[in-house]
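Peer 1: Going by the UniProt record's numbering, the first residue of the sequence shown is number 1, and it counts up by one from there.
Heads up, the beta-carbon is just placed ideally off N, CA and C, and yes, glycines get one too.
Remember, it's a predicted structure, so these values are computed and weren't measured experimentally.
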Amino acid sequence: MHEQKSNETFSLSIKQHFIEYNLVIWFYEQNHSKSEDDENKFAQLENIANDVYTFTNLDECIDFVTDIVYRKMFIILPDIMSQQLVPVIHDISLIDSIYIFCDGETLHNGWSDSWKKIKGFYTQMTFICEAIQLSDKLSNQNDIPISIINFERDHYNYDLDQLEPSFMYTRLLKEILLETDHDEQAINDLVQLWRKQYVGNTHRLNDIADFERNYSPNASIWWYTKDPLIYHMLNLSLRTLDVNIILKMSFILCDLHSQIEILYRKQIVQCHKNTFMVYRGQGLSRNDFERLQKNFGGLMSFNNFLSTSTDKDISLIFAESINKNMDVVGVLFQMTIDPNIPSSPFASIKEVSCFNEDEILFSMHTVFRIENIQRIDSTDSLYQVDLTLTSDEDLQLQRLTEHLRKKEVARGSGRLRLGSLMQCMGQFDEAEKLYDVTLERTIDDETKSYIYLQLGEVKRNQGKNDEALLFYDKSLEIQQRTLVTDHILLITTHSSIGLVHDHMASYSTALQSYEKALQVMRENLFNPNSHMWATIHNNIAMLYERMGNYSKAVQFHRDAIQIGKKTFPLNHPHLAYFYNNASVTYTNMGHYKKALELCQKSVKIREATLPQNHPNLAIAYSNIGRIFGHLGENSKALEYFKKALQIVEVPLTSNPYFLAMIYINFGHVYTNMGHYFEALRYHSRSLQKLEEVLPSNHPDLAIACNNIGNVHWYLGEYSEALCSHNKALQIRKIVLTPNHPDLGTSYNCIGVIYNELGDYHKALESYNKALQIRETLPNGNQVSLANTYNNIALLYGKTGNFCKAFEYFDKALAIDIKHLPPKHPDLVVTYDNIGSICKDNGDYERSLEFYQKALKIREETLSSYHPDLALSYNNIALLYDNMGHYWKALELYDKSLQIQEIVFPPSHPSLATCYNNMGLTYQNMGEYYKALQFYEKGLRIRQIALPENHPDLANSYNNVGTVYANLNIYCSALEFHNKALRIRENILPWNHFLLINTYRNIGMVYFSMGNYSKALFFLEKLLAALNSSFSPTHPEIMATMIFTEQIKQKL
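Below, the structure written as structure tokens:
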């Protein structure tokens, strides 16, 4: 029997692009003995489908079926196991149909009636093959690319005369292909692709050889109707915008259009003078059908060669046969055709088709208006949709098409124009191939310079900055050597070089390149409202944003948008690019509402003008998700990240780098939600993807390690956190300049961990290293310096050196006030930190002043249920607790809790903190049983959400222990204090203040129990730890020594 194809082979076929969308899976029982008859059955299946997979292991079969993400499956099951298997796999959406293979007569007792995908019970493989071919034909009929605008993308007011952007791109692609010469090599390239795909499939290879010998342009319709491979492959590539396959089949596409056009000119005079009807029966996914209903009265287009019939009954049979599929709605399109309306050409192909049928074939991009939708039968699965041929178009898309046609895909030969279009579509790999081929055939210096520039653009968009610079330099060298008079070329080259240096954090070099571009524009008297002015202003704005100079960034963003509105059509993707970048700046400024407004504008344009799988659409969704994350709307953030993920995970467009960026965003939002293990999973996947495509010392790997370190920090896994941050540091030391900002980030993160570990000397050493770097940064990037001042201040506050703490807080506050907007989140954090240190220093009045400043900004800038608002209520409540205003504290804790219970899952660690603080207040009020109730609530959450050695768990055990001690339940008190001790001794240095507290608590419990020897043991450990941290005259040391002597006298 034929060897079973493995999953590895399937993955390879994905990367090579699909030729067949459908695959057949044949499962038979494990004890089935292979025979020559099985060989024959397998051969029959291979005659109708190239990808046939056989399984005898049930688990392997189910794993394979559930892993398929992009192809429709026809499943053959043995009768003996069908009742067991069908319920498991039936609802997998990509399974088209199921066929039950019986060895003999079997009674089925009607069990299969409730499973719509079961097509029948068969005793011969021949009958199954015929049934699969029919289902495949129906599936192909359904898979033609249709453009229906989606009104649910957001809550914008869409014009009914809109069309999806794929209409524009495939039309531009067709125009360029029609102007390109095709030679015999085009046929050879397609034939070679087929032969590679169909190795060993004799039936298919014979068909391919026949095509190679006999194909001719004037018989293109005959071949299109004869061979389902051509029909299906062309429609699939147009539907998925698989440019590789479209280019391979471009000669067929052009020949088909030309032959239809020739027939149209003949028939329009002879036959088609009056309005007539044609029909088409097919299925639409329920999602597409809902979009069709919502677009009632609007436009829809068929972006492929549209096959219709003059026979309504035959078309209705097609629609009715689809009705058996529960995932699809059967639709009978009734189309009114007025030949006098200018439209895409169409023709009766009865005389030139392989089949003698009354078929009218329309060329690509036929547009119809949706006139009526009505149900045909009593179910909700069969409808008639009345369409009228129209010359109407989406005027906004038409203007953008004209702009792209004249400005962005107008230069050079067909291949160069195709390369430009591929870049507009985000198909950078295909653009690179076209430029490479054209470069080999080019001798003209100016064209070479242009191609090198475009290859640089491709490499930059692929994230390969070093290679991009090499191509830009080649382009620039030719321009300078030959004195090229194309100033736009020179300006674009300087601007692109600036972009790459900006991405590489070489900000001064980037600015120099932008200045060179501006200088060329000034010297040549460029119109200040030209698109180049807009583009360079946008680039400079991004540069200032990365440097932290937000005021200048905003100024340049405004200029770019203002000029762009005058220069580009209002739906041009460049304007979306400007809006998107401005939203990033406002996000980093903490102006989330303004950022959201701009990002929504960007998303609206990109959804209306870019292919559905364009990477820039994924970027837009990702950015809007980040904004919702900052606004505390984590569920909305996840929704947009998932949209982005759907784009970058599509096999034909999957880019590991983009995928890694999306995983990072998921990691951040899951961190915000307190789902630390899920966050760690996504950040680890991000690192894995980056390692696939980047060199081992790339700076982005350091960012991924940094993210992983931060999650380990949240989990209290300080050694793992330190390890990850040190990995990031080592990468940055190798590839970055000694004063690069990212090195400062690494030292700062390492300092935070040492601070948590109580190793204040090492923490301060790391903070000072960060300080040395950040003090050398440009004036506009001093916000990170304020962050380090904040951390050093907190460290000094922790060690009781309040004078030093306030000295560094003053420095941080001065920077924040000077460089940040008055309501920026970083400024709020500084206010919170100062309030905390004032509280610890006993200056309650000043503490309340800063806490209230933070609260006021949050109330003005955040939604009423943002978690940061809950944080402010919590901080003020803690202060009131210290002041003895217990009821005020509890009132604010309730406010904090109400917010957190709305925005966080029940096991979020922040809820545990709130319960813990409420327990502390009740404990201070002497209500020990209520305190115990809240402490235990917090403990249960931490036991679910955190690792077993997390320091917060130790805090909960300690608090429960203190309440039991208050209640004189000493055995329980000891149990919980010892749990706290085991964690703290495992992760903290022996003289850490939390261990000091634990020694004291356990010693006092033993003293209360009258166990003076054990009490003395822990109090002597306490005394040793205190002596290593404070001077001998410290009040606590003196008090402990006195108490220790009293215990010794009792022994």
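So, does the region 873-883 touch the region 830-838, judging by three or more C-beta pairs under 8 Å?
Peer 2: Yes: the two stretches touch, three or more of their Cβ pairs being nearer than 8 Å.
Peer 1: Considering Cα atoms alone, identify which of 794, 741, 793 is closest to residue 772.
Peer 2: Among 794, 741, 793, the Cα nearest to that of residue 772 belongs to 741.
Peer 1: Assuming the contact rule is C-beta atoms closer than 8 Å, residue 365 and residue 632 should be a hit. Round their C-beta distance to whole Å, please.
Peer 2: At roughly 45 Å, the Cβ-Cβ gap does not stay under 8 Å, so residue 365 and residue 632 are not in contact.
Peer 1: State the Cα-Cα distance for the pair residue 1041 and residue 1025, rounded to the nearest angstrom.
Peer 2: The alpha-carbon atoms of residue 1041 and residue 1025 are separated by roughly 13 Å.
Peer 1: Going by C-alpha to C-alpha distance, which of 221, 426, 811 sits closest to residue 349?
Peer 2: Nearest option by C-alpha distance: 221.
Peer 1: Take residue 232 as the anchor and find which of 566, 476, 252 has the nearest alpha-carbon.
Peer 2: Among 566, 476, 252, the Cα nearest to that of residue 232 belongs to 252.
Peer 1: Using a threshold of 9 Å, state whether the C-beta atoms of residue 303 and residue 146 are closer than that.
Peer 2: Taking 9 Å as the Cβ cut-off, residue 303 and residue 146 qualify as a contacting pair.
Peer 1: To the nearest angstrom, how far is the alpha carbon of residue 784 from that of residue 301?
Peer 2: Between residue 784 and residue 301, the C-alpha separation is close to 52 Å.
Peer 1: Taking the beta carbon of residue 260 as the centre, do at least 16 other beta carbons fall within 10 Å, making it buried, or is it exposed?
Peer 2: Looking at its Cβ environment, which holds 16 or more other Cβ atoms inside 10 Å, residue 260 is buried.
Peer 1: For the structure I just gave you, are there three or more beta carbon pairs, one from the region 476-491 and one from the region 436-453, closer than 8 Å?
Peer 2: Yes: at least three Cβ pairs fall under 8 Å.
Peer 1: So which of 603, 678, 671 has the shortest CA-CA distance to residue 644?
Peer 2: The option with the nearest alpha carbon to residue 644 is 603.
Peer 1: Along the alpha helix (DSSP H) that carries residue 313, what are the first and last residues, could you check?
Peer 2: Unbroken alpha helix (DSSP H) run through residue 313: 312-322.
Peer 1: Let me confirm a value: residue 616 is counted as buried when at least 16 other C-beta atoms fall within 10 Å, else exposed. Which label applies?
Peer 2: It counts as buried.
Peer 1: Please classify residue 228: does DSSP put it in a helix, a strand, or coil?
Peer 2: Note: residue 228 maps to helix in three-state DSSP.
Peer 1: Identify, in the order they occur along the chain, each residue of the same chain with its Cβ nearer than 7 Å to the Cβ of residue 82, setting aside the five sequence neighbours on each side.
Peer 2: Once the five neighbours on either side are set aside, the close Cβ partners of residue 82 are 100.
Peer 1: Using 9 Å as the threshold, is the C-beta distance between residue 987 and residue 718 below it?
Peer 2: In contact: residue 987 and residue 718 (Cβ atoms closer than 9 Å).
Peer 1: My output table needs one value for residue 55: the three-state DSSP class, helix, strand or coil.
Peer 2: Three-state DSSP puts residue 55 in a strand.
Peer 1: Helix, strand or coil for residue 411, going by three-state DSSP, please let me know.
Peer 2: DSSP places residue 411 in coil when its eight states are reduced to three.
Peer 1: Nearest to residue 809 by alpha carbon, out of 480, 827, 461?
Peer 2: The option with the nearest alpha carbon to residue 809 is 827.
Peer 1: Here's a check: name, in chain order, each residue in its chain whose Cβ is nearer than 6 Å to the Cβ of residue 957, leaving out the five neighbours to either side.
Peer 2: Cβ neighbours of residue 957 beyond the five flanking positions: 976, 979, 980.
Peer 1: On the criterion of 16 or more Cβ atoms from any shown chain inside 10 Å, does residue 318 qualify as buried, or is it exposed?
Peer 2: By the 10 Å Cβ count, residue 318 comes out buried.
Peer 1: If we require 4 or more residues per run, which alpha helix (DSSP H) segments fall completely within the region 907-992?
Peer 2: Within the region 907-992, the complete alpha helix (DSSP H) runs of at least 4 residues are 909-924, 928-945, 951-966, 970-987.
Peer 1: On the DSSP letters alone, give me the boundaries of the alpha helix (DSSP H) that residue 852 sits inside.
Peer 2: Run containing residue 852: 844-861, per the alpha helix (DSSP H) assignment.
Peer 1: Take residue 985 as the anchor and find which of 951, 426, 914, 273 has the nearest alpha-carbon.
Peer 2: It is 951.
Peer 1: Just verifying my parser: in three-state terms, what is the DSSP assignment at residue 38?
Peer 2: Residue 38: helix per DSSP, three-state reduction.
Peer 1: Does the count of Cβ pairs from the region 528-536 and the region 503-513 closer than 8 Å reach three?
Peer 2: No, the region 528-536 does not touch the region 503-513.
Peer 1: Drop a sphere of 10 angstroms on the beta-carbon of residue 845, count the other beta-carbons inside from all chains shown, and report buried for 16 or more, exposed for fewer.
Peer 2: Exposed is the call here.
Peer 1: Quick check: residue 275 and residue 180, are their CB atoms within less than 9 Å of each other?
Peer 2: No, Cβ-Cβ distance for residue 275 and residue 180 is not below 9 Å.
Peer 1: DSSP state of residue 1051, grouped into three classes?
Peer 2: Residue state, collapsed to three classes: coil.
Peer 1: Tell me which same chain residues have a C-beta within less than 6 Å of the C-beta of residue 1007, skipping the five on either side of it?
Peer 2: Closer than 6 Å at the Cβ level, and outside the excluded window around residue 1007, lie 1015.
Peer 1: When you compare the CB positions of residue 905 and residue 946, do they come within less than 9 Å of one another, or not?
Peer 2: In this structure, residue 946 does not lie closer than 9 Å to residue 905 by Cβ.
Peer 1: Considering only the alpha carbon of each residue, which of 368, 112, 582, 103 lies closest to residue 90?
Peer 2: The candidate whose alpha carbon is nearest that of residue 90 is 112.
Peer 1: Which class does residue 23 belong to by DSSP, given the choice of helix, strand or coil?
Peer 2: Of the three classes helix, strand and coil, the one that applies to residue 23 here is strand, per DSSP.
Peer 1: Taking the Cβ atom as the reference point for each residue, do residue 627 and residue 659 lie within a distance shorter than 9 Å?
Peer 2: Cβ distance not < 9 Å, so residue 627 and residue 659 don't count as in contact.
Peer 1: Determine whether the beta carbon atoms of residue 80 and residue 25 lie at a separation below 9 Å.
Peer 2: No, Cβ-Cβ distance for residue 80 and residue 25 is not below 9 Å.
Peer 1: Could you check which residue in 836, 860, 247 has the C-alpha nearest to that of residue 850?
Peer 2: The option with the nearest alpha carbon to residue 850 is 836.
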